[in-house]
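Student: Residue numbers (our numbering), protein chains in the order written: chain H, 1 to 115; chain S, 1001 to 1114. Even for Gly, the Cβ is constructed at its ideal location relative to N, Cα and C.
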Amino acid sequence: EPEVTQTPSHQVTQMGQEVILRCVPISNHLYFYWYRQILGQKVEFLVSFYNNEISEKSEIFDDQFSVERPDGSNFTLKIRSTKLEDSAMYFCASMKGASTNEKLFFGSGTQLSVL
Amino acid sequence: AQTVTQSQPEMSVQEAETVTLSCTYDTSENNYYLFWYKQPPSRQMILVIRQEAYKQQNATENRFSVNFQKAAKSFSLKISDSQLGDTAMYFCAFMKHGNNDMRFGAGTRLTVKP
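(1) At the 8 Å Cβ level, is S:Q1044 part of the contact set with chain H, yes or no?
(2) So, is the C-beta of H:Y90 closer than 8 Å to a C-beta in chain S?
(3) Hey, does H:S66 have any beta-carbon neighbour from chain S nearer than 8 Å?
(4) Pick helix, strand or coil for S:D1101, following the three-state DSSP scheme.
(5) Need the endpoints of the beta strand (DSSP E) that S:D1026 sits in, please.
(6) Starting from the Cα of S:Q1069, find the closest Cα among S:N1030, S:P1009, S:Y1090 and S:T1111 and give me that residue.
(7) Can you pull out the residues from the segment 43 to 61 of chain H whose beta carbon lies closer than 7 Å to at least one beta carbon of chain S?
(8) Going along chain H in order, which residues have a C-beta closer than 7 Å to the C-beta of S:L1047?
(9) Just to confirm the assignment: which complete alpha helix (DSSP H) runs, minimum length 4, are found wholly within the segment 11 to 52 of chain H?
(10) Do three or more CB pairs link the segment 1012 to 1028 of chain S to the segment 15 to 30 of chain H at distances below 8 Å?
(11) Under 9 Å between beta-carbons, which chain S residues line up against H:F106? List them in chain order, please.
(12) When the Cα atoms are used, what is the spatial distance from S:K1096 to S:Y1054?
(13) Verify the CB distance criterion: does S:F1091 have a CB-CB separation below 8 Å to chain H?
(14) Contact check, H:Q11 vs H:L112 under 8 Å by CB: the rounded distance?
(15) State yes or no: is the C-beta of H:M89 within less than 8 Å of the C-beta of H:G107?
(16) Label H:K83 either buried or exposed according to how many other C-beta atoms from any shown protein chain fall within 10 Å of its C-beta, with 16 as the threshold for buried.
(17) Going by the CB atoms, is the gap between S:R1109 and S:D1081 shorter than 8 Å?
(18) Taking Cβ to Cβ, would you say H:V43 is nearer than 8 Å to S:F1075?
(19) Among residues of its own chain, excluding the 5 on either side of H:S73, which ones have a beta-carbon nearer than 6 Å to its beta-carbon?
(20) Report the partner residues of H:S73 according to the DSSP bridge assignment.
(21) Does S:F1104 get closer than 8 Å to chain H when you measure Cβ to Cβ?
(22) In chain H, which residues lie with their C-beta within 7 Å of the C-beta of S:G1107?
Given below as structure tokens:
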């Protein structure tokens, strides 16, 4: 079965550094998402992306965050200057379309640790 | 804005017994989808079951079934014949039809005891 893949599985960075989290959505999917989960807390929506632009973003997704689809396969989340509170598991997800049978497929996550 | 509430932070059940996890949501939409996701210790998000709001029939997937009460905005998950491998966090989620984001509840940590 096709999967959403995320790399790396774990990333450690120093506060103030830039990080790029990478995702390869399922190949025929059109909608892409980033979610995050701080340890022990719920999964929170960050941003959705469709047709090469952000379609929706949450209040968490401030100017420090950006997303890109630099080529036909990758979908990246960049955090410009990381803060301690950015430490979390970041999940990428994709969805084929917006019809009635749709569902989100999640990657296995990137655990970001900001020191 | 849509909110999803899971009022049971933790639950436990004996192996082979049945357990029900609660979820309520708040929305003014009429057409939407509801989901239950399982998150084992590996933290992978695994879709358990999905329900379209326009369908009156409750969804079932093997040992997993839901009780969807649209008027009450309630969407509970029943796990029958619980197995040790069912031990996980369970998240209820809501998504508007045609919209792009899925909103999650705070989760219920389920422990299946031998």
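Tutor: Straight from the coordinates:
(1) Along the second sequence, read from residue 1 onward, the residue named residue 1044 of chain S stands at position 44. Yes, because at least one Cβ of chain H sits closer than 8 Å to the Cβ of S:Q1044.
(2) Locating residue 90 of chain H in the first sequence gives position 90, counting from the first residue. Cβ-Cβ to chain S under 8 Å: no for H:Y90.
(3) Position 66 of the first sequence holds residue 66 of chain H. Closer than 8 Å: no.
(4) On the second sequence, position 101 is the one that residue 1101 of chain S refers to. The answer is coil: DSSP assigns S:D1101 none of H, G, I, E or B.
(5) As a working note, residue 1026 of chain S is residue 26 in the second sequence. That run of the beta strand (DSSP E) goes T1024 to D1026.
(6) Sequence index remark: in the second sequence, residue 1069 of chain S carries index 69 (1-based). Nearest option by C-alpha distance: S:N1030.
(7) V43, F45, S48, Y50, S55 and E56
(8) Translated into the one-based positions of the second sequence, residue 1047 of chain S becomes position 47. Those within 7 Å of S:L1047 in chain H are K103.
(9) none
(10) no
(11) As a position in the first sequence, residue 106 of chain H is number 106, starting the count at 1. Residues of chain S passing the Cβ test: Y1037, Q1044, M1045, I1046 and L1047.
(12) Translated into positions along the second sequence, residue 1096 of chain S becomes position 96. Translated into positions along the second sequence, residue 1054 of chain S becomes position 54. Each residue's alpha carbon lies about 12 Å from the other.
(13) The residue given as residue 1091 of chain S occupies position 91 in the second sequence. S:F1091 counts as touching chain H.
(14) As a first step, residue 11 of chain H is located in the first sequence; it is residue number 11 there, counting from the start. As a first step, residue 112 of chain H is located in the first sequence; it is residue number 112 there, counting from the start. So it is a contact: roughly 5 Å between Cβ atoms.
(15) Counting from 1 along the first sequence, the entry for residue 89 of chain H is found at position 89. Counting from 1 along the first sequence, the entry for residue 107 of chain H is found at position 107. Going by C-beta atoms, H:M89 is not nearer than 8 Å to H:G107.
(16) Looking up residue 83 of chain H in the first sequence gives position 83. Exposed, because fewer than 16 other Cβ atoms sit within 10 Å of the Cβ of H:K83.
(17) One-based indexing of the second sequence puts residue 1081 of chain S at position 81. One-based indexing of the second sequence puts residue 1109 of chain S at position 109. No, these two residues do not count as a Cβ contact at 8 Å.
(18) Position 43 of the first sequence, counted from the first residue, corresponds to residue 43 of chain H. Position 75 of the second sequence, counted from the first residue, corresponds to residue 1075 of chain S. Contact: no.
(19) Residue 73 of chain H sits at position 73 when you count from the first residue of the first sequence. Excluding positions up to five away in sequence, the list reads V24.
(20) On the first sequence, residue 73 of chain H is found 73 positions in, with the first residue counted as 1. DSSP output for H:S73 lists no bridge partner at all.
(21) Counted from its first residue, the second sequence places residue 1104 of chain S at position 104. By this cut-off, S:F1104 is an interface position.
(22) Residue 1107 of chain S sits at position 107 when you count from the first residue of the second sequence. Under the 7 Å cutoff, chain H gives K42.
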